[in-house]
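**Student:** Quick note: the sequence shown uses the working numbering, first residue 6, plus one each step.
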Amino acid sequence: MTPELEDLLNFLRIPSISTDSAHVEDVKACADFLEAKLSGMGLQVEVHKTPGHPIVVARNEHQEGRQTVLLYGHYDVQPVDPIELWDSAPFEPEIREGKIWARGSTDNKGQLLAHVLGLEKTLKERGELPVNLICLFEGEEEIGSVNLVPFLERHRASLKADVILVSDTGMVAPGVPTMGYGLRGITCAEVYVKGPGMDLHSGVYGGAVANPATAIARIVASFHDESGKVAIEGFYDEVEPLAEWEREMWKEVPGMSPADLKKVTGARELFGESGYTGAEQIWARPTCEVNGIGGGYQGEGSKTVLPAEAMAKISCRLVPNQKPAVILAKLEAHVRKHCPPGVELHFEEGHSGGSYVADPHDVFGKAAQRALKTVFGREPVLIREGGSIPIIQDFKEILGIDTLMLGLALPDCQIHAPNENFTIENFEAGIRLNQVVLDEIANI
Ligand code: BES
Ligand code: ZN
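1. By DSSP, does Ala-213 sit in helix, in strand, or in coil?
2. Taking 7 Å as the cut-off, does the CB of Pro-182 come closer than this to any heavy atom belonging to the ligand BES?
3. Does the Cβ of Lys-129 have 16 or more other Cβ atoms within 10 Å, making it buried, or fewer, making it exposed?
4. Rounded to the nearest angstrom, what separates Leu-134 and Gly-271 at their Cα positions?
5. With DSSP as the reference, please indicate the residues paired to Gln-49 in a beta bridge.
6. Buried or exposed: Asp-112, going by 16 or more other Cβ atoms within 10 Å of its Cβ?
7. Which whole-angstrom value describes the C-beta separation of Ser-23 and Glu-147, a residue pair presumed to lie in contact below a C-beta threshold of 8 Å?
8. Locate the alpha helix (DSSP H) running through Gly-392, then write down its first and last residues.
9. Nearest to Val-62 by CA position, among Gly-70, Tyr-80, Glu-69, is which residue?
10. Taking 7 Å as the cut-off, does the CB of Asp-112 come closer than this to any heavy atom belonging to the ligand ZN?
11. Which stretch, first to last residue, makes up the beta strand (DSSP E) that contains Leu-153?
12. Classify Asn-448 as helix, strand or coil using the three-state DSSP reduction.
13. Within 10 angstroms of the Cβ of Trp-250, are there 16 or more other Cβ atoms? Answer buried if so, exposed if not.
14. On a Cα-Cα basis, can you pick out the residue from Gly-382, Ala-363, Thr-379 that is closest to Pro-325?
15. Can you tell me where the beta strand (DSSP E) holding Asn-426 begins and where it ends?
16. According to DSSP, is Trp-106 part of a helix, a strand, or is it coil?
17. Taking contact to mean at least 3 C-beta pairs separated by less than 8 Å, is the stretch 306-316 in contact with the stretch 199-219?
18. For Leu-43 and Gly-347, I'd like the C-alpha separation in whole angstroms.
19. Roughly how many whole angstroms lie between the Cα atoms of Gly-190 and Lys-378?
20. Any heavy atom of the ligand BES closer than 7 Å to the Cβ of Glu-147?
21. Under 7 Å: does the beta carbon of Gln-83 sit that close to some heavy atom of the ligand ZN?
22. My understanding is that Arg-437 touches Gly-123, with C-beta atoms under 8 Å, so please give their C-beta distance in whole angstroms.
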């Protein structure tokens, strides 16, 4: 096993689940792991405490006249459940079929470490990096980067850079170099409806009392019309229409045909807003999704009950020009309007984050594309991402810096799901990519 792979397996063994308070020390252990690794490479490292998980900042000695590159990544991971669906333990990484299987292998420890190991390799080969570097690694991305935003505001001056590099995004197909120049935003909410004071016998009282599970179903069913459009009033008011050049360019992107999407998702049929291709629906159109729904008896067999309450978790993905707070208010108004009588409604707001879009053809975008071409041996495709990394728009607003997204996550890497995996091929490509892209940026 290579020393690089050994480093990654050690990093993956730390169960840094940021949302779970039982893992606070593990998240910290990951920050310590990075501190040791980065200082061992000769970088100046600071670990900043926050009210939540730590922020790791590392830099080389900056020299006048060089480009400054900020490298961002996150070392926290998503929870592992449903644990019974994993073929091997999530924090005991295994190598099978040329892939590393573990929680965080792709999102984001594998991709983050590939960059760090690229830096290490360049430092070993040349004794220095070609650019001024700032590494910024956080442990709260999966829970909304709550402490990183005020950190950016406080450290605006010392985080000043020319460009930001992020590998926390996707690659459309194996071997197809992919540069992301946009992300969808997000706004989340939870809806609870309460009916009777307790669960009731559905025969003794059913028919005379409103059922909260039915109320939730009616609310959720009102989110879309028959054609797949979101039916929330004013939902599309601010949406920026797709540019013709993007629609043309995306037609050529591999891995996004209806057959590809059916295969990778396992969906029986595709469904979505009519008039748009799959790529357009995912990358440039807003959505309203139910992430969880519950209420009433879920155990074995039947139980004739009229539940006292029911709930749904909702997230809307947003596109440029849509403001999270505005969409959240429209969602709440819609839910209140469609809540049937006889139940009491509670609407709770959750995470939010803005969408992001940049010009993929500026000098930094072109440099990144040259690097991708060198490493993968073919022209990169340019995409926007359907997922969200809210801090990237915050970087733009607070620091005034654009981000290059050089993702290595394959469509079947199963991030946030059981059996998350990262190919060794992409891990090695990521190490090389870091080396080449810094040289390309240095030569601008
Ligand atoms: N790395 C993902 C986002 C992602 C995945 C972007 C694939 C592009 C392609 C990130 O870690 C993530 O999951 N973000 C959350 C954000 C939320 C918790 C605010 C998301 O998108 O749900
Ligand atoms: Zn994630």
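Ideal Cβ positions, reconstructed from N, Cα and C, are used throughout, including at glycine.
**Tutor:** Reading it off the structure:
1. coil
2. no
3. exposed
4. 44 Å
5. Arg-64
6. buried
7. 5 Å
8. No alpha helix (DSSP H) holds Gly-392; DSSP gives it neither H nor E.
9. Tyr-80
10. yes
11. Per DSSP, Leu-153 belongs to no beta strand (DSSP E); it is in the alpha helix (DSSP H), 153-159.
12. coil
13. exposed
14. Ala-363
15. 426-428
16. strand
17. yes
18. 59 Å
19. 29 Å
20. yes
21. yes
22. 7 Å
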